[in-house]
Structure formats: structure tokens, C-alpha cells
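As C-alpha cells, the structure follows; a few thoughts come after it.
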Amino acid sequence: MEKTGQSFFLYDTTMIEAFLTYLRTERRYSELTVKAYGDDLRQFVLFCLQGDDSNVGKLDPSGCGELLNRFDPERVTADDLRAWIVSLTGEKKLSARSVNRKISAVKSYFRYLRKEHIVEKDLFPKISALKTSGRLPVFVEESRMHRIVEELLQPTDDFETERDAVVVLLFYATGIRLAELTGIRLDDFSSGYSVLKIRGKGDKERVVPVIEPVAARIVHYRELILAQDICKNENNFLILTHKGEPIGRSEVYRIVHEVLRRCGVQGKCSPHVLRHTFATHLLDHGADIRVIQELLGHASLETTQVYTHNSIAKLKEVYNQAHPRAKKYKED
């Protein structure tokens with residue numbers, strides 16, 4: 026491959042797009058994940074190209090495809106990676122978790138390039154992930170969640186009220202992700218809406234039960250859609266806008282935030298908080314950690330085990346409040 030005298034340029038077709046296609050077709054990554062990988066890689070490439078042209082750093086990564094096509098990954102060094110990481114933590118002030126996600130994207134890209142024999146050296150044995158604080162998952166306490174569920178289970182004849190209730194109840198009853206909820210189609214359910222088939226990350230399928238009160242709410246919600254002629258184009262999605270179109274992610278996020286805020290939940294109010302709440306409450310009531318792993322669609326048990334820390338914290342709190350010696354020690 027012919028190279029110019031500038032250190033990071035290569036006249037060749039784009040390799041980033043080939044990598045992103047690989048993620049879509051072979052690894053079966055979601056479109057959202059593929060987009061995040063692409064954004065991270067383009068930012069890294071432009072950072073490297075700054076050494077060749079001071080104007081490069083001012084470019085928007087999404088609008089300089091021709092320049093990115095000429096990037097030569099073979100000339101990247103571990104020092105370039107370290108300098109990029111320093112700029113992310115220093116100048117851009119990103120959190121360790123965000124930086125580690127970007128490092129993971131670049132690492133995956135170079136692993137793909139080695140597999141395709143485009144590069145030979147492995148830079149990453151010399152690059153370590155940043156240490157992150159052991160933040161526990163945020164969840165809604167059980168007593169408050171009980172009151173929220175009781176309120177949401179009261180049927181109304183208002184379409185948006187019913188839809189919003191179904192959204193929140195499904196998150197809490199099944200532990201599904203935001204992207205999974207917006208992708209639910211009617212034929213993903215068994216008869217009576219008692220079992221739901223989920224297409225998760227990597228296009229992996231899993232099955233989760235839907236408890237009877239939530240299934241009954243879905244039935245009522247669907248009856249309203251038909252009675253009020255909400256869905257005129259006969260699409261097959263479960264969660265719809267008032268115009269009968271498939272709902273977007275930002276709208277679902279807004280629904281969850283508003284419902285939880287209205288019900289008195291403080292702090293973060295998001296679909297993922299309800300997913301954490303689902304897992305934490307199951308564990309508190311004796312569910313096996315591997316069953317929770319299966320329900321959440323986690324590839325690794327290690328990912329699920331973070332919820333055990335919440336339960337241990339709760340046990341300590343109960344112990345300190347109930348054990349006579351612990352109470353005496355606190356009083357002293």
C-alpha cells in the first residue's frame with residue numbers, strides 16, 4: 026500500500042466502515058452500539074491526524090469521511106493511544122467509564138485489523154483500562170415501587186395514560202432494556218401476553234414471563250388502541266405514539282422520568298433504574314443469581330453479580346437496626 030510522507034495517511038478504502046459492517050453482520054451488535062463504536066473510532070482517528078494537520082482537530086468526525094479513509098492504523102503507536110487517553114480525561118474531562126468504553130472500541134477495531142492481516146502488532150498489552158469507582162446500581166426502594174405499581178394498575182380510558190403505565194410496568198416486571206422495549210412487536214408475545222420473547226444485544230433471544238396483572242393491562246391498552254382507532258397503519262409494534270407510530274427511545278425515557286418523578290422518586294429516573302430495580306428486588310426475595318442473569322440477558326455472570334452488593338448493603342442495614350449488640354454499639 027502506497028503511503029505519503031505524512032505519518033498517519035494511507036490511500037485506501039475505508040476500514041472503519043468495513044469494521045462496522047462486521048459488527049452488524051457477524052457480531053450482530055445493535056445499531057446503537059455500532060453507531061457508538063463508529064463515533065469513538067472516528068474521534069480517535071482525527072486525534073491521531075492532528076499531528077499531520079492542525080486543522081484536522083477542528084473537523085466534525087461525521088463530516089470528514091474522505092480524510093478518515095486515508096488513515097493508516099499501522100503507524101499508530103502505544104504512545105498515540107496514551108496521548109489520546111490523556112486528552113479524554115484531561116481536556117475533555119470524561120469519566121473513567123466513558124474513556125474505558127472508547128478504549129474498548131479502539132481495541133476491538135485493532136483486533137479486527139489483526140484478524141484481517143491489515144496490522145501485525147498488538148498495542149494493547151501496554152494499555153490498561155482506567156480504574157472506575159465501584160458505583161452500585163441505583164434502584165427504587167420496594168415500598169415506593171409497590172405504591173407506584175398499585176397506582177399504575179388502575180385502568181383508565183385515556184390512551185397515553187394507559188400506554189405510559191404499560192411502559193413502566195413492563196420495565197419493572199421484565200427487566201428489559203430501553204432498546205428492547207421499543208422493539209417489542211405483538212407477535213413476540215404468547216397468547217394472553219403471559220410470555221414475552223426478547224431480542225437482546227447481539228440479536229440473542231431470551232424469554233421472560235409477564236405476570237398476570239401486567240398482561241391484563243396490556244390487554245386493556247390494546248383494546249383502547251382498537252376502540253379509539255389509534256393505529257391506522259396496522260404496524261405490529263406494541264408501544265405506539267398517539268399517531269399510531271412506533272415510539273422512539275427519547276419519548277420512552279421521558280415517560281419513565283415523568284411517571285417516577287410524579288410518584289415521588291428522587292435522583293435518577295430512567296428505564297435502566299427500573300431494570301436495576303427489577304433485578305435487586307428479585308435478589309432480595311431469594312431468586313437465584315443465574316436466573317436473574319438469564320432474565321436480564323447478561324452474557325457474563327460477573328455483570329449480574331453487581332446486584333449482590335445492593336443486597337449485602339441492605340442486610341448490613343437490617344442487621345445494624347435489629348441486632349441488640351449492634352444497636353448498643355451505635356448508642357454508645
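Heads up, the numbering used here is the position in the sequence shown plus 25, with the first residue counted as 1.
We put the CB at the ideal spot given by N, CA and C, even for glycine.
{"Check": "Touch check for the segment 231-242 and the segment 139-157: three-plus C-beta pairs under 8 Å?", "Outcome": "no"}
{"Check": "From the DSSP output, in three-state form, read off residue 327 for me.", "Outcome": "helix"}
{"Check": "Residue 53: which of 186, 225, 172, 167 sits nearest, CA to CA?", "Outcome": "225"}
{"Check": "Per DSSP, residue 262 is paired with what?", "Outcome": "210"}
{"Check": "Can you name, in chain order, every residue of its own chain whose Cβ lies under 7 Å from the Cβ of residue 311, other than the five neighbours on each side?", "Outcome": "none"}
{"Check": "Anyone know if the C-beta pair for residue 114 and residue 124 falls short of 9 Å?", "Outcome": "yes"}
{"Check": "Tell me residue 232's beta-bridge partners as DSSP assigns them.", "Outcome": "222"}
{"Check": "Consult DSSP for residue 150 and reduce its assignment to one of helix, strand or coil.", "Outcome": "helix"}
{"Check": "Is residue 135 helix, strand or coil when you go by DSSP?", "Outcome": "helix"}
{"Check": "Using a Cβ-Cβ cutoff of less than 7 Å, which residues in the same chain neighbour residue 319 once the five nearest sequence positions on both sides are dropped?", "Outcome": "231"}
{"Check": "Would you mind giving the Cβ-Cβ distance between residue 314 and residue 291, rounded to the nearest angstrom? I have them listed as a contact below 8 Å.", "Outcome": "With a Cβ gap of about 28 Å, residue 314 and residue 291 do not count as contacting."}
{"Check": "Let me know the secondary structure DSSP gives residue 69 once reduced to three states.", "Outcome": "helix"}
{"Check": "Which term fits residue 67, buried or exposed, when burial requires 16 or more other beta carbons within 10 angstroms of its beta carbon?", "Outcome": "buried"}
{"Check": "Which of the three DSSP states is assigned to residue 164 in this structure?", "Outcome": "coil"}
{"Check": "Would you list the one or two residues that DSSP bridges to residue 271?", "Outcome": "265"}
{"Check": "Thinking C-alpha only, which one of 270, 119, 134 is nearest residue 210?", "Outcome": "270"}
{"Check": "Expressed to the nearest angstrom, what Euclidean distance is found between the alpha-carbon atoms of residue 77 and residue 97?", "Outcome": "With a pLDDT of 43 at residue 77, under the threshold of 50, the modelled position of this residue cannot be trusted; read the value that follows with caution. Their backbone Cα atoms lie some 12 Å apart in a straight line."}
{"Check": "Measure the alpha-carbon distance for residue 174 versus residue 194 and round it to whole angstroms.", "Outcome": "7 Å"}
{"Check": "Check whether the segment 196-203 and the segment 299-306 touch, using three or more Cβ-Cβ pairs below 8 Å as the test.", "Outcome": "yes"}
{"Check": "Would you report the Cα separation of residue 138 and residue 144, rounded to the nearest angstrom?", "Outcome": "6 Å"}
{"Check": "Compare the C-alpha of residue 252 against each of 51, 162, 146, 183 and name the closest.", "Outcome": "183"}
{"Check": "Could you tell me whether the Cβ atoms of residue 121 and residue 69 are closer together than 9 Å?", "Outcome": "no"}
{"Check": "Please classify residue 273: is it buried, with 16 or more other beta-carbons within 10 angstroms of its beta-carbon, or exposed?", "Outcome": "exposed"}
{"Check": "Report back the beta-carbon spacing between residue 104 and residue 73 to the nearest angstrom; my notes put them in contact at under 8 Å.", "Outcome": "The Cβ separation is near 11 Å, so there is no contact."}
{"Check": "Exposed or buried, residue 168, counting other C-beta atoms within 10 Å across all chains shown (16 or more means buried)?", "Outcome": "exposed"}
{"Check": "Buried or exposed for residue 65, please, with buried defined as at least 16 other CB atoms from any protein chain shown within 10 angstroms of its CB.", "Outcome": "buried"}
{"Check": "So, for residue 55: in the same chain, excluding its five sequence neighbours on each side, which residues have a beta-carbon less than 7 Å away from its beta-carbon?", "Outcome": "204, 226"}
{"Check": "When you compare only the Cα positions, how much space is there between residue 284 and residue 162?", "Outcome": "20 Å"}
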